[in-house]
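Trainee: Provided herewith is a single structure, encoded as structure tokens, for subsequent inquiry.
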Ligand SMILES: O=C(O)CCC(=O)C(=O)O
């Protein structure tokens with residue numbers, strides 16, 4: 001037996017204490033060469049990502065997500081682009097946003113500083129490790145790390161962002177430029193979200209939307225930086241399990257490594273990264289708000305053997321203390337209310353009471 005095999009055999013035994021897993025995948029990988037995925041990350045066969053061409057779940061490689069040109073949305077072609085936006089939200093729940101107002105420099109600095117955050121020592125990252133879901137800053141691992149029976153191959157840094165002056169003093173101070181870069185990015189994505197939301201409301205037929213937009217202006221913003229280290233057996237595990245996003249809209253920035261898959265016509269489709277584009281998706285709140293017209297779609301993340309991957313999701317919605325309900329402007333005799341009212345408290349109670357599973361929460365809000 002080669003020394004590497006011996007080392008692997010030794011490390012593949014389930015002798016890794018639970019507390020080690022809680023320190024994250026990156027820490028696990030740094031402790032020594034990992035030639036096999038520890039049991040704790042191995043999904044039951046039916047939940048593993050599949051690669052076989054015979055498999056009915058196999059990816060349709062030619063399928064492209066709709067691309068929305070933000071500059072065109074603000075120009076004379078707005079009516080056509082709004083129609084295109086409506087189709088994207090109805091049929092895919094996802095689109096790629098190009099030609100937006102955030103510069104390549106700002107996007108690059110954001111992935112760069114988040115990468116440098118994860119590159120730091122465990123001691124530095126551990127300062128922000130907590131299981132308190134309401135903490136303004138939380139560094140963690142997996143999806144729902146204290147509940148998942150099988151862990152995901154992902155570490156994360158979660159930041160509450162709005163109002164910025166309340167949360168900024170809690171954010172990491174290292175790397176030294178972290179606060180400056182992330183605060184700037186948070187402000188720019190918030191602005192982009194508001195302009196996009198105005199267009200989304202218009203695409204739903206809500207044109208007098210000053211009041212609604214004010215609410216969104218004061219709404220919640222949460223940033224989730226995800227780090228997925230290379231994985232020795234990517235077919236056995238996932239970076240993130242199938243889930244939909246709690247919130248109204250998510251603006252996702254990803255590096256050039258593919259990994260995100262969305263469910264489309266019961267198949268998993270890989271989203272091809274477009275440099276400096278945002279992948280935008282409808283969240284549970286927008287599905288509820290649109291009374292089911294726009295769809296909050298399941299998505300998941302694959303990992304790979306060769307490269308680490310980094311993404312930053314900026315999740316936007318109404319203020320945390322708000323009730324989310326179908327817009328009264330979209331409900332009537334012909335289109336009865338299809339979702340019950342909900343709030344952040346009931347969401348937290350729901351996710352704390354069970355292992356998060358697919359679209360459970362949104363399903364639980366549906367009126368029969
Ligand atoms: O990493 C990705 O591409 C997706 C991340 C994601 O789904 C999330 O943060 O909710």
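In UniProt numbering, the protein residues as written are 1 to 368. Where a beta carbon is used, it is the ideal one built from N, C-alpha and C, also for glycine.
According to the Cβ coordinates, are residue 343 and residue 296 closer than 8 Å?
Mentor: No. Outside cutoff.
Trainee: May I ask whether a heavy atom of ligand 1 can be found less than 7 Å away from the beta carbon of residue 259?
Mentor: Answer for residue 259: yes, Cβ within range of ligand 1.
Trainee: For the 8 Å Cβ check, are there 3 or more pairs between the segment 262 to 278 and the segment 226 to 234?
Mentor: Flag = no, the segment 262 to 278 and the segment 226 to 234 do not touch.
Trainee: Got a sec? Which residues, its chain only, sit under 6 Å from residue 341 by beta carbon, not counting five neighbours each side?
Mentor: Taken in chain order, the residues that qualify are 323, 325.
Trainee: Please indicate yes or no: does the CB of residue 226 lie closer than 7 Å to some heavy atom of ligand 1?
Mentor: Yes; taking the cut-off as 7 Å, the Cβ of residue 226 has a heavy atom of ligand 1 nearer than that.
Trainee: Among 104, 182, 19, 299, whose alpha-carbon lies nearest the alpha-carbon of residue 137?
Mentor: Selected option, being the one with the closest Cα: 182.
Trainee: Among all the DSSP beta bridges, which residues are the ones paired with residue 268?
Mentor: Bridge partners of residue 268: 263.
Trainee: Tell me where the alpha helix (DSSP H) around residue 20 begins and ends.
Mentor: 18 to 21 is the extent of the alpha helix (DSSP H) around residue 20.
Trainee: I need the straight-line Cα distance from residue 118 to residue 249, nearest angstrom please.
Mentor: Looking at the two C-alpha atoms, the distance is approximately 25 Å.
Trainee: For a test of your reading of the model: does the CB of residue 159 fall under 7 Å from any non-hydrogen atom of ligand 1? Yes or no.
Mentor: Flag unset: Cβ of residue 159 not near ligand 1.
Trainee: Is it buried or exposed, residue 9, if we count other Cβ atoms within 10 angstroms and call 16 or more buried?
Mentor: The predicted position of residue 9 is uncertain, since its pLDDT is 47 and thus under 50; a value taken from the coordinates is nonetheless stated next. Exposed, since its Cβ has fewer than 16 Cβ neighbours within 10 Å.
Trainee: Extract the residue ranges of the alpha helix (DSSP H) inside the UniProt domain "Fe2OG dioxygenase" (219 to 318), only unbroken runs of 4 or more that lie entirely within it.
Mentor: Runs found: 284 to 289.
Trainee: Cβ atoms of residue 223 and residue 143: under 8 Å apart, would you say?
Mentor: No, the pair does not count as a contact, with Cβ atoms beyond the cut-off.
Trainee: Put residue 78 into one of helix, strand or coil per three-state DSSP.
Mentor: Note: residue 78 maps to helix in three-state DSSP.
Trainee: To the nearest angstrom, how far is the alpha carbon of residue 19 from that of residue 266?
Mentor: Using only the alpha carbons, I get a separation of about 37 Å.
Trainee: For residue 133, count the other beta carbons within 10 Å of its own beta carbon; 16 or more makes it buried, fewer makes it exposed. Which is it?
Mentor: That one is exposed.
Trainee: I believe residue 280 touches residue 251 by the beta-carbon criterion, under 8 Å. Please report the beta-carbon distance rounded to the nearest angstrom.
Mentor: Correct: roughly 6 Å between the Cβ atoms.
Trainee: Shorter than 7 Å, the distance from the beta carbon of residue 252 to the closest heavy atom of ligand 1, or not?
Mentor: Under cutoff, so the answer is yes.
Trainee: Residue ranges of each beta strand (DSSP E) run of no fewer than 3 residues wholly in the segment 78 to 147, ordered along the chain?
Mentor: You should have 94 to 98, 137 to 141.
Trainee: How is the alpha helix (DSSP H) around residue 65 delimited, first residue to last?
Mentor: Segment: none, residue 65 is in no alpha helix (DSSP H) and carries neither H nor E.
Trainee: Taking residue 213 as part of the alpha helix (DSSP H), name the residues at either end of that continuous run.
Mentor: Note, residue 213: alpha helix (DSSP H), 210 to 217.
Trainee: Out of 92, 289, 294, 284, which one is the CA nearest neighbour of residue 360?
Mentor: Nearest option by C-alpha distance: 284.
Trainee: In whole angstroms, give me the CA-to-CA distance for residue 302 and residue 65.
Mentor: Each residue's alpha carbon lies about 18 Å from the other.
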